[in-house]
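**Student:** Add 369 to the 1-based position in the sequence shown for my numbering, that's all there is to it. Supplied in structure tokens, the structure appears directly below.
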Amino acid sequence: MSEMVMPRRSALGLLGGLATAVSAPRGAMAATGSIAGYDTPDGKLRALIMMRGALDDRLVIYWLRSQYFGLVDGAITPMLGMVSASFSRYRPHKDGGYVAARGEAAYFTDFQGSDVQASVRNPYTGQMMQTPERSPHPSPVRIQADSTISVAEGAGLQFKNVVEDVEIVGGDVLLNERSMSTLPIAGSKPSLYNEIVTYRATAADMADPAVKRPACTTSVTTTISWRSWMGMGDRPGHILAVGAGEFVSSIDQLPPSWIRATSRLHPDMLKDPVAYLAPVWNSMG
């Protein structure tokens, strides 16, 4: 498939001059530490958008593969795997910061991640877990000028996001994003989801004014309450998920298992991601 890249936006007034601000000489880089330009709100925002999205309105394509472990009394037990991919587009907001339209389809697999599974055996109970299927509706994301991120919070969902300061490790730029969400459940404990994403790109790409979307990989660590479909009841413990992902330039670079599942379950999303995002993209301020 051809590269899925949208025309660049001409109106990037928010970022005018920021490329110079973060293009610090190499002598400013330490083996581990900060770099001049990233320690300002504008520099931090630019780094976040470059690694999470793009400085223009191209289609951003990302995939993640994770392994889920049960964590009970400090002991981990392999449970199942997950493969996901998302499409998003970003643009500056008239009041500062950015808005984005983003949609994701995630599927559960066996622990080795060989293919999407409708059911996986629970190692604690011996019963088959019927993995849920979710409709991947796109949603809006708002990123303020101070890098504060907010998402649509419906049905009692409470969401908090923290973007940490940029760090330089060797020749790479690292940025950590922490998300915490709570969803009340009637007659049960709240559903918790906590995630840490580390974005990693080269310092050279990040400092290049011509680069709008650098090559970038991620590592992801998540803690999650037992899900009702797992059949764990009141058993103490929770889920620990560890994953790695990558931003890619074309759909055919996504995991084959994800492409096969999406072709079957959500063909419109795969056929035309820009049209899939359009209802949210066109409605944002």
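C-beta atoms are modelled at their ideal positions from N, C-alpha and C, and glycine is treated no differently. These figures come from a predicted structure and were not determined experimentally.
Taking just the CA atoms, how far does Gly539 sit from Gly422?
**Tutor:** Their Cα atoms are separated by approximately 23 Å.
**Student:** Which residues in the same chain have their Cβ closer than 7 Å to the Cβ of Pro505, if we skip the five residues on either side of it in sequence?
**Tutor:** Hits under 7 Å: Gly472, Glu473, Ala474, His635 and Met638.
**Student:** My understanding is that Val535 touches Glu546, with C-beta atoms under 8 Å, so please give their C-beta distance in whole angstroms.
**Tutor:** The pair is not a contact, with the Cβ atoms about 11 Å apart (cut-off 8 Å).
**Student:** By Cβ distance below 6 Å, which residues in the same chain neighbour Trp432 in space, the five residues on each side in sequence not counted?
**Tutor:** Closer than 6 Å at the Cβ level, and outside the excluded window around Trp432, lie Ala454, Gly614, Leu623 and Pro624.
**Student:** Considering Asp541, what are the terminal residues of the beta strand (DSSP E) in which it resides?
**Tutor:** Unbroken beta strand (DSSP E) run through Asp541: Asp541 to Leu552.
**Student:** Any idea if Asp442 is buried or exposed, counting beta-carbon neighbours within 10 angstroms, 16 or more meaning buried?
**Tutor:** Asp442 comes out exposed.
**Student:** Under 7 Å between C-beta atoms, does Gly612 make it to chain D?
**Tutor:** Among the chains in the structure shown there is no chain D, since it carries only a single protein chain.
**Student:** Please state the DSSP three-state secondary structure of His635.
**Tutor:** Residue state, collapsed to three classes: coil.
**Student:** Check whether the region 478 to 496 and the region 510 to 529 are in contact - that is, three or more C-beta pairs closer than 8 Å.
**Tutor:** Judged by Cβ distances under 8 Å, the region 478 to 496 makes no contact with the region 510 to 529, as fewer than three pairs qualify.
**Student:** When the distance is taken between beta carbons, is Gly495 closer than 7 Å to Gly450?
**Tutor:** Contact flag unset, no.
**Student:** Quick check on the burial criterion: 16 or more other C-beta atoms within 10 angstroms. Buried or exposed for Arg633?
**Tutor:** Exposed.
**Student:** Around the C-beta of Ser488, are 16 or more other C-beta atoms found within 10 angstroms, so that it is buried, or is it exposed?
**Tutor:** Exposed, since its Cβ has fewer than 16 Cβ neighbours within 10 Å.
**Student:** For the beta strand (DSSP E) containing Pro501, list its first residue and its last residue.
**Tutor:** Run containing Pro501: none; DSSP gives neither H nor E here.
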